[in-house]
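Here is the structure we will look at, set down as structure tokens.
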Amino acid sequence: MAGFVEGAPCWVDVMLPDLEAGRRFYGELFGWTFEDAGEEFGSYHEARHDGKSAAGMFPVPAGQEPVAAWNLHFAASDAAGLADRVAAAGGKVVDGPTKVGDVGTQLLFSDPGGAVVGAWQEGTRAGFAVQGVPGSFFWPEIYTRDKETVDPFYEAVFGYAGQQVAEGAEFDFKLWSLPGQEYPVAGRLQMNEYYPPELAAHALVYFKVADTDAAVAKVRELGGTVTREPSDSPFGRSAHVVDDQGARFALMGPAAGGDAH
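Shown next, in the form of structure tokens:
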């Protein structure tokens with residue numbers, strides 16, 4: 003799927019201490035197959051759904067704490083220019099821009115609330131070749147404890163139009179849309195006292211599934227855990243889960259009598 007608009011989610015990948023275990027877990031959960039890019043590219047694995055690029059997987063770099071985590075990347079037409087906008091808006095460049103052969107250029111940065119996300123300037127790969135179908139990426143949300151600085155940051159960096167859809171102590175949520183586009187591309191949730199204080203700001207990645215309850219049962223069968231049981235919303239039936247190595251992600255399937263939008 004080529005031609006991602008600046009600021010659109012275009013890729014996700016997961017950093018894992020044990021790639022073989024990751025292949026087993028996600029292969030059985032989503033039906034993915036994997037191709038190893040080899041040592042030249044740090045044993046980066048491309049996950050494929052029905053033969054199409056769906057996500058990536060890579061080992062924790064040597065000398066780094068063995069933490070498992072999903073990473074979200076936004077499309078960038080100019081990674082270096084985006085790095086400048088990140089700094090000007092109050093964020094921090096974590097790594098890059100780094101050219102990855104002829105595949106593209108990667109930038110990692112943190113927003114003012116501490117969530118680390120990435121940007122991808124396409125080369126031979128633009129990003130997802132499949133999304134929005136069972137077994138592929140569906141939706142991202144930024145979980146933060148500092149909406150007052152995080153909201154204007156993303157709106158300045160990517161030109162998002164923000165729509166506050168819920169605001170209050172119980173639930174504070176905002177949708178972000180690309181300039182001139184009607185449909186949102188990401189959401190922002192303000193974490194409150196109900197979230198464990200040790201839970202850092204992060205990007206939560208949702209994957210589409212055909213049946214949320216069945217997928218949750220599979221997560222448990224594969225050694226993962228569930229942090230939020232399946233529940234219905236206007237967008238579908240979702241659940242929050244953790245893989246068997248500690249990487250958090252979410253599942254979204256059809257609600258009773260309907261479909262996930």
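In my numbering, each residue carries its 1-based index in the sequence shown increased by 2. Cβ coordinates follow ideal geometry from the N, Cα and C atoms, glycine included.
As summarised for the stretch 158–232, the continuous alpha helix (DSSP H) elements at least 4 residues long and confined to that stretch are 214–223, given in chain order.
Cα atoms of A168 and L177: separation of roughly 10 Å, rounded to the nearest angstrom.
Counting other Cβ atoms within 10 Å of its Cβ, T126 stays below 16 and is therefore classed as exposed. Bounds of any alpha helix (DSSP H) do not take in Y46, whose DSSP letter is neither H nor E.
Residue pairing from DSSP places V14 in a beta bridge opposite L74.
Between Y145 and A203, the C-beta gap is smaller than 8 Å, which places the two residues in contact.
The three-state secondary structure of P136, taken from DSSP, is coil.
DSSP places D153 within a helical segment (H, G or I) once states are collapsed to three. As computed with DSSP, R250 is found in a beta bridge with V244. The alpha carbon of V88 has as its nearest neighbour, out of V159, G65, R190 and F139, the alpha carbon of V159. When DSSP states are grouped into helix, strand and coil, E41 belongs to the helix group. Looking from the CA of P63, the closest CA among D20, A39 and P154 belongs to D20. No Cβ-Cβ contact shorter than 8 Å links W141 with M59. By alpha-carbon distance to H75, the top candidate from G137, C12, S179 and A257 is C12. Scanning its chain for C-beta atoms nearer than 6 Å, with the 5 sequence neighbours on each side dropped, one finds around D213 the residues G255, in chain order. Sequence-distant partners of A188 (beyond 5 residues in either direction) whose C-beta falls short of 6 Å from its own C-beta, in its chain, are P142 and W178. Separation of V118 and V243 (C-alpha to C-alpha, rounded to the nearest whole angstrom) is 20 Å. Secondary structure of V88 (DSSP, three-state): helix.
Inclusion of V132 and A70 in the CB contact set at 8 Å is not warranted, their separation being larger than that value.
Taking C-alpha positions only, E184 is separated from E41 by approximately 42 Å. Taking all protein chains shown into account, F6 has 16 or more neighbouring C-beta atoms within 10 Å of its C-beta and is therefore buried. Each of L191, P199, A219 and P181 was checked against the Cα of E172, and the nearest Cα belongs to L191.
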